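Each remark here refers to the structure printed beneath this line.
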């Protein structure tokens, strides 16, 4: 349990969520943000939360290092897919359907995956990420069903 608590602290601290948020805020209004920076922001915000959530379960269940690596790849991939879909929905969804203000990224002049690649290519990448994530779980059989359901929800959500 102490190992999980320590990892949670890192995930939300300067090396995780806080660090990602700092870079995110520094990047607002800048049009020359690189893909590397955008990936850093995502990995340290949405990605960090999903990864610690998934790995905590694995650690507490006594997963092997190999299986923890599989879970880590799964979580990183669905984290990035989640952010890509979130960016797409910020452009394509209605405020009523999404349940929050839309177009905030464009108003803040934030670089997003759709602004770099377009909506179609971004959607395709999100689908590829989810497929790769799910392939990492094949070894777990039916035990992976909740994680598979989460991945497919992320890719198909409209809110």
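Numbering (the numbering used here), first residue to last: 1372 to 1530.
Cβ atoms here follow ideal geometry from the backbone N, Cα and C, with glycine treated the same way.
Just so it is clear, the structure is predicted and the values come from calculations on it, not from any experiment.
- A straight line joining the alpha-carbon of residue 1398 with that of residue 1480 spans about 9 Å.
- It is roughly 32 Å from the alpha-carbon of residue 1390 to the alpha-carbon of residue 1516.
- Under the three-state reduction of DSSP output, residue 1402 falls in the coil class, being neither helix nor strand.
- With respect to residue 1388, residue 1434 sits apart: the two C-beta atoms are not nearer than 8 Å.
- One Cα belongs to residue 1525, the other to residue 1452, and the distance between them is close to 7 Å.
- By the neighbour-count definition (other C-beta atoms within 10 Å, threshold 16), residue 1491 is an exposed residue.
- With a cutoff of 8 Å on beta-carbon distance, residue 1508 and residue 1445 are scored as near each other.
- Pairing residue 1427 with residue 1442, the inter-Cα distance amounts to about 10 Å.
- Around the C-beta of residue 1425, 16 or more other C-beta atoms lie within 10 Å, and the residue is accordingly described as buried.
- Using a 10 angstroms sphere on the CB of residue 1403, the tally of other CB atoms stays under 16, which defines it as exposed.
- Close CB contacts of residue 1459 within its chain, under the 7 Å cut and outside five residues either way in sequence, are with 1485, 1490, 1493, 1494 (chain order).
- DSSP, read as helix, strand or coil, puts residue 1459 in helix.
- With respect to the C-alpha of residue 1522, the residue from 1467, 1511, 1408, 1505 having the closest C-alpha is 1505.
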